[in-house]
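Q:
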Amino acid sequence: MQGSFGMAATTHWVATAVAQAVLERGGNAFDAAVAAGFVMHVVEPHLNGAGGDMVAMVAPAGAEVAVVGGQGPAPRRATVEHYLGEGLSAVPGSGALAAAVPGAVEAWLWMLREHGSWDVADVLAYAIHYAEVGQPLGPAAARTVATMAGHFQEHWPSSAATWLVDGEVPAAGDVMKLPAYARTLRRLVEAAGDVATGGRSADPDAGRAARIDGVLREWKTGFVADAAAAFAGRVHRHSDGGDYAGVIEAADFADFVVVTEEPLEIEFRGHIVAKASFWAQGPVLLQALAILDTFGDAELDPSTEIGVHNVVEALKLAMADRDAYYGDAADNHELLRQLLTPEYARSRAALITGEASGVWRPGVIRGVEPYRPPLRSAGTGEPEGTGTGEPTVRPTGVTKGDTSHIDVVDRHGNMVSATPSGGWLQSNPTIPELGFCLGTRLQMTWLDPASPSALAPGRRPRTTLSPTVLSRNGVAVSALGSPGGDQQDQWQLVYLLRTLVGGYDPQEAIEAPMFHTTAVAQSFWPRHWTPKGVVVEDRLGDDVIEGLRRRGHDVTVAGPWSLGRLSAVLRDPETGLLSAAANPRGMQGYAAGR
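Numbering follows my numbering, with no gaps: position 525 of the sequence shown is 528.
1. Assuming N51 contacts P423 (C-beta within less than 8 Å), just tell me the rounded distance between them.
2. Which whole-angstrom value describes the C-beta separation of A185 and I131, a residue pair presumed to lie in contact below a C-beta threshold of 8 Å?
3. For the alpha helix (DSSP H) holding P142, just list the boundary residues, first then last.
4. With distance defined between alpha-carbon atoms, name the residue in G416, L87, G75 nearest to A599.
5. State the Cα-Cα distance for the pair N586 and A524, rounded to the nearest angstrom.
6. Could you tell me if T356 is buried or exposed, where buried requires 16 or more neighbouring beta carbons within 10 angstroms of its beta carbon?
7. Taking Cβ to Cβ, would you say I409 is nearer than 8 Å to A18?
8. Which residues share a DSSP beta bridge with W449?
9. Measuring alpha carbon to alpha carbon, tell me which of A561, H15, A38 ends up nearest E47.
10. Taking 6 Å as the limit between beta carbons, can you name the residues of its chain near E221, skipping five residues before and five after?
11. Could you check where the beta strand (DSSP E) with P423 kicks off and where it finishes?
12. When you compare each of A11, A77, V539, L496 to A293 by their alpha carbons, which one comes out closest?
13. For E264, collect the residues of the same chain with a Cβ closer than 6 Å to its Cβ; drop the 5 residues on either side in sequence, then sort them by chain order.
14. Please report the straight-line C-alpha distance between G1 and W449, rounded to a whole angstrom.
15. From the DSSP output, read off the bridge partner residues of T82.
16. Pull up the DSSP beta-bridge partners for T471, would you.
17. Just verifying my parser: in three-state terms, what is the DSSP assignment at N313?
18. Alpha helix (DSSP H) containing F298: first to last residue?
19. Taking all protein chains shown into account, decide if T147 is buried (16 or more other Cβ within 10 angstroms of its Cβ) or exposed.
20. Taking just the CA atoms, how far does Y507 sit from L580?
21. Would you check if the distance between the CB atom of A522 and the CB atom of K535 is smaller than 8 Å?
22. Got a sec, what are the start and stop residues for the beta strand (DSSP E) G210 sits in?
23. Classify S7 as buried or exposed, calling it buried when 16 or more other Cβ atoms lie within 10 Å of its own Cβ.
24. Is the number of C-beta pairs between the stretch 93 to 103 and the stretch 436 to 447 that are closer than 8 Å three or more?
25. Can you find the residues in the same chain that come closer than 7 Å, C-beta to C-beta, to H118, ignoring five residues on each side of it along the sequence?
26. So L127 and L188 are supposed to be a Cβ contact under 8 Å. How far apart are they, rounded?
27. Between Y374, S430, F518, which has its C-alpha nearest P452's C-alpha?
28. Let me confirm a value: N476 is counted as buried when at least 16 other C-beta atoms fall within 10 Å, else exposed. Which label applies?
29. Report buried or exposed for A178, applying the criterion of at least 16 other Cβ atoms within 10 angstroms of its Cβ.
30. What is the DSSP secondary structure of G392, counted as helix, strand or coil?
31. What's the gap between the Cα of T391 and the Cα of Q491?
32. Let me know the secondary structure DSSP gives W528 once reduced to three states.
33. By the three-class DSSP mapping on this structure, what secondary structure does R597 have?
Given below as C-alpha cells:
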C-alpha cells in the first residue's frame, strides 16, 4: 500500500480506521496514534487496556527519535520480602500482586500534549463512541472470555458482570458495550475543564496542554487512582490459586512520571535501528543484528535451513544476555553498552556452530556479573509460544503472548511506533467503577535481589514491549513492531533480514513464513524455557524443517498462518512516498492510507 497523504497500520482494523480518520480530519501522526490507542482498549480488550503499559518510539519531522517510556514501575509496597511473606516463590501471572503502576494512559497523553495538535476531548471521542455504542467481539476475544468464564463467575464477579451477558458467554460477533469505561473517559474529559469540538483547540498554545494536564491530574490524583487502589486492596484470587490483596496505592499513581529518553542504536545495512534501552527487551534485536552482521548475506536467508539456524542461534545468545544483564538499574546501563560493540558481537558469533545449542550461554562483560535465572522446563505437553501474538490464556488468567501495536506516518514526516499492552480483561478483576483492569507486568520480575530485573519498589519490570524505528541519513524512514511477548523482537528480526538483506517489500516480508525460538527464560509466569526449542510455520517447508531437526533443533510445527502480528509504515524522504503493511494472520490486522 502506497500514497503521499498518510498511512496507518495496526493489529485491529477499527484502530487503523480511526487513525486514518484522524489524519483525514487534519490531525498529525501523534493525534492519530493516541486516538487509535484508546480505541484499542475497546476493540482488543484481551490484549491491552487502560490499566496496562505502553512503550513508543516517536520520530517528529525534523527532530531526533525518542523513546516514550509508559512502562510503570513496581508500587511502593511491592517488595521481595512482602511477596515471600505471602508464601510466593514467583510473582503471580494474574491478580493485583502482579500489577505495575499503569503507564499507558499517561504515556498516550504525554504524546498528545508534546507532539499532537488535537484537543483531548476530540481524541478520546472515538473510544467513547465504541465503548458506548459497542463493537462486535472478535473471535480471539470471545475465546478468551469463554476460557475465563468459570473463573469470572467463581472468583472475579465484577469481570463476570462486565463480560458475560446474563451469565452467558458472548459469541464472536456479539456487540459488546463497555459503559463503565465510557463513563470513565467522559469523567476524564470533564476534568479537562473545557470540551473542544471540530478537532482543533481554539487555544492550541496553552489551553490544549492545560486540558490534557487536567485529565492527567484526575487520572493520577483523582477518582481513577482512588478507585483502582481501593479495589486492588481487596483479597482476590491470583494465578497460583492463592487469595491475596494487592499492594498498589493511590500514591503510586501520583508518583509515576513518563520517562522519555534517547534510544539505543546500531547501524545495520545502511540503516540506524533504534530501540528502547536495557530496561526493555529492545536491545535483543540490536544484539542479534550485530551478531548476524558478521555473516554473509547467503547465511541470513530466513527461508533456508542455514538462515533459520543462524538466526535462532543468534537469538539464543542475545536472549541469554537479556536475562543475565537487562533490567531497570540505570547506574549500569553504560556498562551494558558493551553488549552492543562490534568486538562483543564477533565473540558471540564465534559460538555459533552448525549444531543447535542446548546450553544457556550469556556472555561476559567488564564490571557486571551475569545473573542466572531459574531455568524451568515446560515439561510434557504442547510446547509454549506457538501463537500469533494473540494470547494463550489459561482459565486462571495466565496469559502468554499479548499486546497490540500501532504504526502511523503522516505527510509531514511525523512517525510513531507504539506497543500498548497489559491490563487485558483476563489479567485482574474488572474495577467496577472504572470499567478496566490493572495489568500484570510485575510477573517479569524475579523474587531474587541478585537479579538485574528483581522486584523492587519504583523499579520498572524488564518489559517485553519493543517498538522500532529505522532511520537513514538522520531521517526516520520506517516504524514497525509486533505483539508477541518474548517473540516481539524475534519476529522483527526476521522481518528486517527479509527487507534489508533479502530485498523483500514490507508486505511480502510480513506474509513470509515465520519462526522463533523458545529456548529462552520466558517473561510470563510460570517462566519456562525449552532448550533447543524452535517453533515454525509449516509453510517453511519439509526440507528446511527436517534440516533443522538434523541440526538438533527441537522443532514444533505450527499452522501455515499462525506466527507473528507485525505491522509497519515507511516513508521515502527523497520522494515523500508513504507505505504501510499489516499482518493477515488472524484476519484482524489492517493497513490503510492514501
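Just so it is clear, CB atoms sit at the ideal spot from N, CA and C, and this is done for glycine as well.
A: In short:
1. 4 Å
2. 5 Å
3. 142 to 157
4. No statement about residue 599 is possible, as the shown extent of the chain runs from 4 to 597 and does not include it.
5. 27 Å
6. exposed
7. yes
8. A457
9. H15
10. L191, A194
11. 418 to 424
12. L496
13. V70
14. The question about residue 1 has no answer here: the residues shown for the chain are numbered 4 through 597.
15. None, per the DSSP bridge assignment.
16. L483
17. helix
18. Note, F298: premise wrong, no alpha helix (DSSP H); not H, not E.
19. buried
20. 17 Å
21. yes
22. Where G210 is concerned, there is no enclosing beta strand (DSSP E), although the alpha helix (DSSP H) it sits in stretches over 210 to 224.
23. exposed
24. yes
25. F33, V61, P63
26. 5 Å
27. Y374
28. exposed
29. Here residue 178 turns out to be Val, not Ala, going by the sequence shown. By the neighbour-count rule (16 or more Cβ atoms within 10 Å), V178 is not buried but exposed.
30. Only weak support is given to the placement of G392: the predicted model assigns it a pLDDT of 45, under 50, and the question is left unresolved by the model.
31. Unreliable placement is indicated for T391, whose pLDDT of 46 sits below 50; no coordinate value is reported for it.
32. coil
33. coil
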